[in-house]
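Undergrad: To start, I am sharing the structure in question, which I have written as structure tokens.
Numbering (my numbering), first residue to last: 164 to 307.
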């Protein structure tokens, strides 16, 4: 009877140690998706004090944050798409950021300018949805 108790005890301790090892590995090796947000957004066409109100460029600062504790992130090219639904052609303009490496627990701010020549009026710029596409999430859209 004492032999079966020793065998059960060894078996139980083996199962517990394998379980705790698996839990530790899962907690230490899991990754989280980076986050992307727009930090600053500037439309010169809406600035009445400028002497050149015909500037159709949209300026924005993208904020990318890597929350992983021990893993860096290698970004592919990041595309920012601006669409205008105010005209019949549904015009489309794109800005691109080249790929880069971001270390663990780091934040990066990238400047981006999207030339939207042809939008014309500030009222059509106000109704432009802006879509951010980056490799780690679904589209994030912002409607101004």
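Even glycine gets a Cβ: it sits at the ideal position worked out from N, Cα and C.
Give me the Cβ distance between residue 194 and residue 231, rounded to the nearest whole Å; I'm assuming they're in contact under 8 Å.
TA: 5 Å
Undergrad: In the structure shown, what three-state DSSP assignment does residue 173 receive?
TA: helix
Undergrad: Indicate the three-state DSSP secondary structure (helix, strand or coil) for residue 279 in the structure shown.
TA: coil
Undergrad: If you drop the 5 nearest sequence neighbours on each side, which residues of the same chain put their C-beta closer than 6 Å to that of residue 262?
TA: Cβ within range, chain order: 238, 239 and 240.
Undergrad: Along the chain, where does the beta strand (DSSP E) containing residue 257 start, and where does it finish?
TA: 255 to 260
Undergrad: Would residue 119 pass as a contact of residue 206 if the rule is Cβ separation under 8 Å?
TA: Nothing in the structure corresponds to residue 119, since the chain is present only between 164 and 307.
Undergrad: Does DSSP put residue 200 in a helix, in a strand, or in coil?
TA: strand
Undergrad: Out of 192, 234, 185 and 260, state which residue places its alpha-carbon closest to the alpha-carbon of residue 244.
TA: Comparing C-alpha distances from residue 244 to each of 192, 234, 185 and 260 shows the shortest one belongs to 260.
Undergrad: Sort out for me which residues DSSP pairs residue 265 with in a bridge.
TA: 236
Undergrad: Taking 6 Å as the limit between beta carbons, can you name the residues of its chain near residue 224, skipping five residues before and five after?
TA: 202, 203, 272 and 274
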